Amino acid sequence: MKEYQTITEISGPLVFAEVDEPVGYDEIVEIETEDGRTLRGQVLESSDGIVSIQVFEGTGGIDRNASVRFLGETMKMPVTEDLLGRVLDGSGNPIDGGPEIVPDERQDIVGKAINPYSREYPEEFIQTGVSAIDGMNTLVRGQKLPIFSGSGLPHNELALQIARQATVPEEDEEGEGSEFAVIFGAMGITAEEANEFMDDFERTGALERSVVFMNLADDPAVERQVTPRLALTTAEYLAFEKDYHVLVILTDMTNYCEALREIGAAREEVPGRRGYPGYMYTDLAQLYERAGRIEGKEGSVTQIPILTMPGDDDTHPIPDLTGYITEGQIMMDRDLNSQGIEPPVNVLPSLSRLMDDGIGEGLTREDHGDVSDQMYAAYAEGEDLRDLVNIVGREALSERDNKFLDFADRFESEFVQQGYDTNRSIDETLELGWDLLSALPKTELNRIDEELIAEHYREDETEAAEVTADD
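The numbers in the sequence shown follow UniProt numbering, run straight up by one, and end at 471.
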């Protein structure tokens, strides 16, 4: 193994060194400083005679006298089932005071693309216990469904609630005691947020079935690029070799993209839209496409990436590109949050593109699709009427319109609102939906099959709604 003392330039998180033989892309590098510290890095670019290296721990303390060693292999994650219950830093080193990890094997963190022919179509329901997701934007196994949030909104609370409550009810009923695991990858979060996450994981016992990767805001930006790849490599191992159903929660993808931009600027690349690298779409796709199911394998990898939209702008490159790659989005809403709705999920711009394949008879319930469609339509009409009320006043509306206005209010305060500690089964969610829909006249339920109306519609709810309106 050759050792070089040929550093020519240091720029931000990058080190440039001269070499006299070819060096592989993504190869792991050790840099030994004069004071005896050993820093790890990765080859970012390799050309004749010179390589650029991104240093995970930052370039502080490196000078021209530091020595550079190329290890001849790419970065690998030591994987084992014993990782469950462990807390690791953004580079995969244990930070929970537990024993060293003894791996079953070491896997390349870049991962292998799943052969499209081998992919199994995602269609099994995952119950998160959150009505706005289970009822209106259902998550299925193998899906990638991001949460689009904004600065200061409680996306972390929602993420923790999903991590705590997510189950695969179909297998629970069959008594298989399905192996369900959560991989939590945090990038660029504050120490306060990290403490909140860990307190919640430990208080609720969710840590036992989780692997947590923590990259804090004061950790190097370069490490932020590695963290999600370590998390997804661990997820793929547990899913496709140990038959776990794995839910991967990645927060915050905005910090990850900012790290990409920072490194792109240090490399003096030509920037793309709003200063982000032109290859950001490809980079994000390499992460998001590592979700799915493989034919012949019991396990699955489901992803919930969380991103905060800068300035609440959904046309910003980060949510824009994420929306192209993923299968829908859960939108959090500042107005609902200011009203105290928990979680403040706005179902109208939210979408789960695989929902139709993961609900219905044998999966959730026969009436799920119709109830969801009807609630969506009724809530959308109620929202439109709110705009009209601002102009003409409520007294100018018909009795029918008033019922839709009441429906929109109750939908937010009873269906979406549930707090972060309430775990609703899919049956409870759908029954609550029927309670709300039964306040509307039967003639307005034009998206629900008549047999289902006859079976589930509650006449007493209509009478109660009329009494309330008269009061």
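Positions of the beta carbon are idealized from the N, C-alpha and C atoms, including for glycine.
Just so you know, these numbers come straight off a predicted model, no measurement behind them.
First and last residue of the uninterrupted alpha helix (DSSP H) at residue i
| i | result |
| --- | --- |
| glutamine 335 | Note that residue 335 is aspartate in the sequence shown, not glutamine. Run containing aspartate 335: 334-338, per the alpha helix (DSSP H) assignment. |
| residue 473 | A question about residue 473 goes unanswered here, because the residues of the chain that appear run from 1 up to 471. |
| leucine 445 | Where leucine 445 is concerned, there is no enclosing alpha helix (DSSP H), given that its DSSP letter is neither H nor E. |
| leucine 232 | 221-240 |
| threonine 282 | 280-288 |
| arginine 273 | No alpha helix (DSSP H) holds arginine 273; DSSP gives it neither H nor E. |
| methionine 375 | 368-392 |
| leucine 321 | 317-325 |
| methionine 136 | That residue, methionine 136, is in no alpha helix (DSSP H); it is neither H nor E in DSSP. |
Extent of the continuous beta strand (DSSP E) to which residue i belongs
| i | result |
| --- | --- |
| alanine 259 | Here alanine 259 belongs to no beta strand (DSSP E); instead the alpha helix (DSSP H) covers 253-266. |
| proline 349 | 345-352 |
| valine 102 | Counting along the chain, valine 102 falls outside any beta strand (DSSP E), and DSSP gives it neither H nor E. |
| arginine 293 | 292-294 |
| glutamate 27 | 27-32 |
| phenylalanine 148 | 147-149 |
| valine 301 | 300-308 |
| alanine 396 | Segment: none, alanine 396 is in no beta strand (DSSP E) and carries neither H nor E. |
| isoleucine 7 | 7-11 |
| glycine 185 | 180-189 |
| methionine 214 | 210-216 |
| leucine 88 | 87-89 |
With 16 other Cβ atoms within 10 Å as the buried cut-off, status of residue i
| i | result |
| --- | --- |
| serine 47 | exposed |
| lysine 2 | exposed |
| glutamate 342 | buried |
| proline 99 | exposed |
| isoleucine 95 | exposed |
| glutamate 451 | exposed |
| leucine 83 | buried |
| serine 352 | buried |
| leucine 348 | exposed |
| isoleucine 391 | exposed |
Close Cβ partners of residue i (< 8 Å) along its chain, the five nearest in sequence each way excluded
| i | result |
| --- | --- |
| valine 389 | Leu397, Leu405 |
| glutamate 262 | Gly12, Pro13, Ala221 |
| leucine 363 | Glu123, Glu124, Phe125, Glu170 |
| glycine 369 | Asp356, Ile359, Gly360 |
| glutamate 459 | Ser438 |
| glutamate 9 | Val15, Phe16 |
| glycine 419 | Glu342 |
Distance CB(residue i)-CB(residue j) smaller than 8 Å
| i | j | result |
| --- | --- | --- |
| serine 91 | glutamine 5 | no |
| lysine 168 | aspartate 357 | The residue you asked about is not lysine; residue 168 is valine in the sequence shown. No, the pair does not count as a contact, with Cβ atoms beyond the cut-off. |
| arginine 86 | valine 211 | yes |
| arginine 164 | methionine 187 | no |
| isoleucine 453 | leucine 440 | no |
| phenylalanine 180 | arginine 209 | yes |
| glycine 142 | serine 300 | yes |
| threonine 120 | arginine 293 | According to the sequence displayed, residue 120 carries glutamate and not threonine. Closer than 8 Å, so yes. |
| residue 496 | leucine 385 | Residue 496 lies beyond the range of the chain shown here (1 to 471); nothing can be said about it. |
| threonine 308 | serine 149 | yes |
| tyrosine 288 | glutamine 303 | yes |
| methionine 331 | leucine 230 | no |
| arginine 365 | aspartate 427 | yes |
Residues sharing a beta bridge with residue i, DSSP
| i | result |
| --- | --- |
| serine 52 | Phe16, Glu45 |
| glutamine 107 | Met77 |
| isoleucine 453 | According to DSSP, which records beta bridges pairwise, isoleucine 453 is partnered with nothing at all. |
| isoleucine 162 | Paired residue(s): none; isoleucine 162 is not in a bridge. |
| histidine 245 | Phe180, Ser300 |
| glutamate 120 | Arg293 |
| serine 67 | Glu32 |
| threonine 167 | Gln127 |
| threonine 422 | None, per the DSSP bridge assignment. |
| glycine 360 | None; glycine 360 has no bridge partner. |
Cβ-based neighbour list, residue i, same chain, cut-off 7 Å, excluding 5 preceding and 5 following
| i | result |
| --- | --- |
| glycine 72 | Glu27 |
| tyrosine 237 | Val79, Gln107 |
| arginine 64 | Ile7 |
| alanine 266 | Ser11, Gly12, Pro13, Leu14 |
| tyrosine 25 | Val43, Ser46 |
| threonine 429 | Ser131, Asp134, Gly135 |
Residues near residue i in its chain [Cβ-Cβ closer than 6 Å; skip 5 each side]
| i | result |
| --- | --- |
| phenylalanine 70 | Val23, Glu27, Val29 |
| glutamate 381 | Phe404 |
| proline 310 | His316 |
| glycine 97 | none |
Distance cut-off 7 Å: residue i Cβ against heavy atoms of the ligand GDP
| i | result |
| --- | --- |
| phenylalanine 407 | The ligand GDP is not part of the structure shown, which contains no ligands of any sort. |
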